[in-house]
Every structure is written in C-alpha cells, then in structure tokens.
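Chemist:
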Amino acid sequence: MAARKSTAKSAAKPNVSAEELLGYYRDMLLIRRFEEKAGQLYGMGLIGGFCHLYIGQEAVVVGLEAATKEGDKRITSYRDHGHMLACGMDPNGVMAELTGREGGYSKGKGGSMHMFSKEKHFYGGHGIVAAQVPLGAGLAFSDKYKGNDNVTFTYFGDGAANQGQVYETFNMAAIWELPVIFVIENNQYAMGTSQARSTSTPDIYTRGEAFGIPGETVDGMDVLAVKAASEKAVAHCRAGKGPYILEVKTYRYRGHSMSDPAKYRTREEVQKMREERDAIENVRQLLLTGKHATEDDLKAIDKEIKTVVNASAEFAKESPEPALEELWTDIYA
Numbered sequence: 073m074a075a076r077k078s079t080a081k082s083a084a085k086p087n088v089s090a091e092e093l094l095g096y097y098r099d100m101l102l103i104r105r106f107e108e109k110a111g112q113l114y115g116m117g118l119i120g121g122f123c124h125l126y127i128g129q130e131a132v133v134v135g136l137e138a139a140t141k142e143g144d145k146r147i148t149s150y151r152d153h154g155h156m157l158a159c160g161m162d163p164n165g166v167m168a169e170l171t172g173r174e175g176g177y178s179k180g181k182g183g184s185m186h187m188f189s190k191e192k193h194f195y196g197g198h199g200i201v202a203a204q205v206p207l208g209a210g211l212a213f214s215d216k217y218k219g220n221d222n223v224t225f226t227y228f229g230d231g232a233a234n235q236g237q238v239y240e241t242f243n244m245a246a247i248w249e250l251p252v253i254f255v256i257e258n259n260q261y262a263m264g265t266s267q268a269r270s271t272s273t274p275d276i277y278t279r280g281e282a283f284g285i286p287g288e289t290v291d292g293m294d295v296l297a298v299k300a301a302s303e304k305a306v307a308h309c310r311a312g313k314g315p316y317i318l319e320v321k322t323y324r325y326r327g328h329s330m331s332d333p334a335k336y337r338t339r340e341e342v343q344k345m346r347e348e349r350d351a352i353e354n355v356r357q358l359l360l361t362g363k364h365a366t367e368d369d370l371k372a373i374d375k376e377i378k379t380v381v382n383a384s385a386e387f388a389k390e391s392p393e394p395a396l397e398e399l400w401t402d403i404y405a
C-alpha cells in the first residue's frame, strides 16, 4: 500500500545555535541515563508494579518541548518519565515517585504511571490506554475558554490510536477549534503487535482528515525535524486554527515494559536502529563535525548527568515510605 502524502508540507529543519544543540544533547542524555538507572532499580526490586522506559524515543519529547512557552500543558500515557524530565521536573522527585517514596511528586502513591506537576503543567501519566486523549482536549478547552494562546500537547501511541475515544475527541476538538496538538508517538509496536498487523493505514495521522484536522509524519529519531514540526503545529494552534496531528515515527529499544522480553522482533532489528538511527548519537555527530564541542566536552556532560542521576537514586533510597495515614488522603469519600 502506497503511503499517502502529508496534508501539510514538512517544515524545513531550523537553524539552531551550538548552545541549543548542546541543550538538546544534554536533555536527551539525561532522559536516557535516568531511564537506564530506573531499569537498574527495577531489577533490584526498588521499583514495583509496571515500569515503561523511554529509551530510544528521547528526541520526540525534547524536540516538542523546544517549541513550548510558559503556560503550555502536556499530558501523556504511562511511558512518561521522559516527558517529566523534558518539561523540567526534578529528577529527584521523579525517581522518588518511581520507588514509592514520600519525596516523590505524588507522595509515593502514583508510581511510574501516575504522577503530575501543577507547577510544570504536567497532567500525567495515565495507565488506561488512550484515556488521556479526551483529558488533553479538556485542558485545551480550558485555554480556549479563557482566551489565552496556550497549547496542550496530548501524547498517545500507535496502539492507543485504535481506541474509539481518540476519534470522539478528534471530532469535538475540530468542532470547537481547540488548541491541542495530538502527538502520536509511533514506536512501531504498541505493546507487542507491529503497526502493520494492527493498523489499516500506513500513516496514522491521516485519520484526522475525516474531521478536517491537518497533520503530518515526522522523523522521531531526528530532534531537529521534531522541533521544526512542533513549531509549525504550535503556530497553527496559537493562531486559533484548531487542532493539529503530529505522527512522530520513533522506536523504543527496550520491551513494552520491564516485564516484556520483546520476542516479537529480532535482536538484529534493534541493533540496526541503535547503530544507524540513534537520536543522541545523531546530535553527538553534529556537535563534533560542526566543531561545537570536543570529545572531552561531551564526556564531561555525560559525567555530569550521571552524577545527577545517581544523586536522584540516592535521594529516592533515603526518602521515607509514605505513612499509613496517606492511604486516606487525596481520595473522594
């Protein structure tokens, strides 16, 4: 089946300064090192329940956050640690929440899938597939009602794109011209089923055409391409033109969750992506070939980030578990 053309031309890659490029490198590396440490803590039994790592997809959220301003909101699914770090949430608070400690963003009661930060306009972390999509439209409705130019980034995956509530939300967002960017993080496999086996169209963003919602596909392994597409989508929403769909084609290196052995794909396929398409390595090469940084500079950044991540793990271990009385707080009764 031939792929259909985008309803909007892909934006040209932006010219970015060496400082910006280093910032993207740092942000993506923080997410990767943090997730690697989270995987270690899970293996040690310090993280319970489900834990979905973002390793491989770092360019998506870093590229999108590059186009945001104060007041913009974000909401996502359970693969959410990268989104938290990219919007500026404290690694200490995130890691403490992962380990169920009092110092976490949800006092240790939300865990990996359910934490939020009102200060950073991060509204979760949602464990039910696609449940965050109508909530994201609701956040955008709030801004439309208030008459500001804020935008809401509503993230969901290729698997969630097959849920009915997504299309109910598309319809309402289009009718009300809501300032919401629907970000489909297409990592090719949903839980363990390839997109080719579960989706009738080669490009998922085209499903917005029935509702008059423009959109495009983006190379999610290229942070600059994501940033360019994000700027275009944000401009569309801030201008009052309604919703926009970005299907960001990315790839996760680990299984769906820590309990997934990922036997539905070959080791060679994953290795090929790591060697040829890795988003962090791509930026690393841009920095080196453009003489914006030396090998020693990048090693220093890596060392600095490892220090931050190790400190977050120590903070989590030292933070006490929530008191039993916390069972009765933050609930409706």
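Using our numbering, you'd call the opening residue of the sequence shown number 73 and step up by one each time. Quick reminder that beta carbons are idealized off the backbone N, C-alpha and C, glycines included.
DSSP three-state label for Ser331, please.
Modeler: In the structure shown, Ser331 sits in coil (DSSP, three-state: anything other than H, G, I, E or B).
Chemist: Helix or strand or just coil, what does DSSP make of Leu318?
Modeler: strand
Chemist: With which residues is Val255 paired in a DSSP beta bridge?
Modeler: Beta-bridge annotation (DSSP): Val255 is paired with Tyr227, Leu318.
Chemist: Can you give me the Cβ contacts of Gln204 inside the same chain, cut-off strictly under 7 Å, excluding the 5 residues immediately before and after it?
Modeler: Ile147, Thr148, Ser149, Gly196, His198, Thr226, Phe228
Chemist: So what's His289 in DSSP terms, helix, strand or just coil?
Modeler: For the sequence presented, residue 289 should be read as Thr rather than His. Note: Thr289 maps to strand in three-state DSSP.
Chemist: By DSSP, does Phe122 sit in helix, in strand, or in coil?
Modeler: coil
Chemist: Tell me, please, which residues DSSP counts as bridged to Phe194.
Modeler: Arg146, Ser189
Chemist: Does the structure place the stretch 306-315 close enough to the stretch 257-274 that three or more beta carbon pairs sit under 8 Å?
Modeler: no
Chemist: Start and end of the alpha helix (DSSP H) containing Pro163?
Modeler: 163-170
Chemist: Report back the beta-carbon spacing between Pro251 and Lys216 to the nearest angstrom; my notes put them in contact at under 8 Å.
Modeler: In this structure Pro251 touches Lys216 by the C-beta definition: roughly 6 Å separates them, less than 8 Å.
Chemist: Would you tell me roughly how many angstroms separate the C-alpha atoms of Val342 and Tyr404, rounded to the nearest one?
Modeler: 45 Å
Chemist: In chain order, which beta strand (DSSP E) runs of at least 3 residues are fully inside the stretch 356-386?
Modeler: Fully contained in the stretch 356-386 is no beta strand (DSSP E) run of length 3 or more.
Chemist: Just mark Asn164 as buried or exposed, buried being the case when its beta carbon has 16 or more other beta carbons within 10 Å.
Modeler: So Asn164 counts as buried.
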